[in-house]
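Some notes on the structure that comes next.
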Ligand code: SF4
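Numbering (the numbering used here), first residue to last: 1445 to 1766.
Right, here's the structure in full:
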């Protein structure tokens, strides 16, 4: 297994198991997010790199599939091909490797993001693993975590007949089994279906269908569900369309830059000056605030993006190409 050191953690590239996963710390909300409704009101003009402490917050980002059957136009994972779902054992193996790879034995927060390779709604093992195994496994590995917070991010594939059931089941885990301590993110990226079709290669559900699914979800316990927008300068984000489709009591809007993956660059997405200029985000944030949305703007540091720890990256794809 290859272990790539990054500024804030490590990326594990396991070619034998066709898995890639990573462990990172966080700079702290006051340094990399703006979210007026949470009291973080400073505009983030670039994020300065500094050392992180896993005892404060530890993020494990793991794969749910070996490669991915989707073809999102900003993502390098499909270059690796698709080699099946991760078993519960594969999911546990990634968590174990991450925890055993550090000296830390206690953390305030251990986030598990099902977000490296794969579309999680294709893999029911994500549900059973989270429901039955995750918390016990973290403890067995010797990590005492005050909070364990798993997060599913989905691009809602239209070909997956089980996606809606998966999402509803996940909400039940979040709201009931975990008392709110879990996250759900929908990758929306644009309020224009034609632009979404370009980004997701026509493989994500139509906005109207996502809206119908959202209407069936229970009110969230704990944090609201998230509508995620990975933006470029060309992104269409019309708050009145969101008003029409989604309930502000259930959802917040999160804005991040689209990441500088090889595929995003090849696809011609403008990933230019996203890191240093808050104006890139404020043009999206301000109209949403005017419409009464809770908005989180997340800004990665230049180092985080160059380390390829962000969504859409996959070092294992390069190995395959080479
Ligand atoms: S963004 Fe997620 S769903 Fe889309 S191709 Fe990449 S890994 Fe698959």
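For glycine and all other residues, C-beta sits at the position ideal for the given N, C-alpha and C.
In chain order, what residues of the same chain have a beta carbon less than 8 Å from the beta carbon of residue i, not counting five sequence neighbours either side?
i	result
residue 1581	1536, 1539 and 1540
residue 1562	1507, 1508, 1509, 1510, 1511, 1512, 1521, 1529 and 1530
residue 1766	Low per-residue confidence applies at residue 1766: pLDDT is 42, beneath 50, and the placement is therefore not dependable, though the value from the model is reported in the following sentence. The answer is none, since no qualifying residue turns up.
residue 1485	1478
residue 1684	1735
residue 1585	1539, 1540, 1543 and 1544
residue 1568	1606 and 1610
residue 1578	1539, 1556, 1592 and 1594
residue 1742	1476, 1477, 1698, 1699 and 1700
When you measure from the CB of residue i to every non-hydrogen atom of the ligand SF4, does any distance come out below 7 Å?
i	result
residue 1701	no
residue 1649	no
residue 1685	no
residue 1446	no
residue 1646	no
residue 1522	yes
residue 1585	no
residue 1546	no
residue 1451	no
Considering just the uninterrupted stretch of the beta strand (DSSP E) at residue i, what are its terminal residues?
i	result
residue 1631	1627 to 1631
residue 1670	1669 to 1675
residue 1758	Where residue 1758 is concerned, there is no enclosing beta strand (DSSP E), given that its DSSP letter is neither H nor E.
Relative to the C-alpha of residue i, which residue among the options is closest?
i	options	result
residue 1678	1633, 1654 and 1696	1633
residue 1575	1752, 1532 and 1551	1532
residue 1460	1446, 1466 and 1468	1446
residue 1600	1628, 1586 and 1621	1628
residue 1675	1707, 1622, 1733 and 1518	1518
residue 1502	1456, 1587, 1449 and 1742	1587
residue 1706	1465, 1761 and 1497	1761
residue 1469	1622, 1752, 1452 and 1552	1452
What first and last residue would you give for the alpha helix (DSSP H) that runs through residue i?
i	result
residue 1655	1651 to 1660
residue 1536	1532 to 1544
residue 1547	It is not in any alpha helix (DSSP H) - residue 1547 carries neither H nor E in the DSSP assignment.
residue 1686	1683 to 1689
residue 1610	1607 to 1616
residue 1566	Unbroken run through residue 1566: none, as it is neither H nor E.
residue 1584	1578 to 1584
Which residues in the same chain as residue i place their Cβ atom closer than 6 Å to its Cβ, once the five residues preceding and following it in sequence are excluded?
i	result
residue 1738	1481 and 1696
residue 1565	1598, 1604, 1607 and 1610
residue 1458	1445
residue 1602	1649
residue 1615	1661 and 1662
residue 1516	1644
With a CB to CB cut of under 7 Å and the five nearest residues on each side skipped, what residues in its chain are close to residue i?
i	result
residue 1385	Here the chain comprises residues numbered 1445 to 1766, so residue 1385 is not present and cannot be evaluated.
Evaluate the contact criterion for the segment 1661 to 1673 versus the segment 1639 to 1652: three or more CB pairs, one atom per stretch, below 8 Å. In short, these stretches do not touch, since the Cβ pair count stays below three.
Inter-stretch contact (C-beta, 8 Å, three-pair minimum) for the segment 1643 to 1661 and the segment 1679 to 1693: Contact between the segment 1643 to 1661 and the segment 1679 to 1693 is present, because at least three Cβ pairs lie under 8 Å.
Contact the segment 1545 to 1558 vs the segment 1589 to 1597: 3+ CB pairs below 8 Å: A contact is defined here as three or more CB-CB pairs under 8 Å, and the segment 1545 to 1558 meets this definition with respect to the segment 1589 to 1597.
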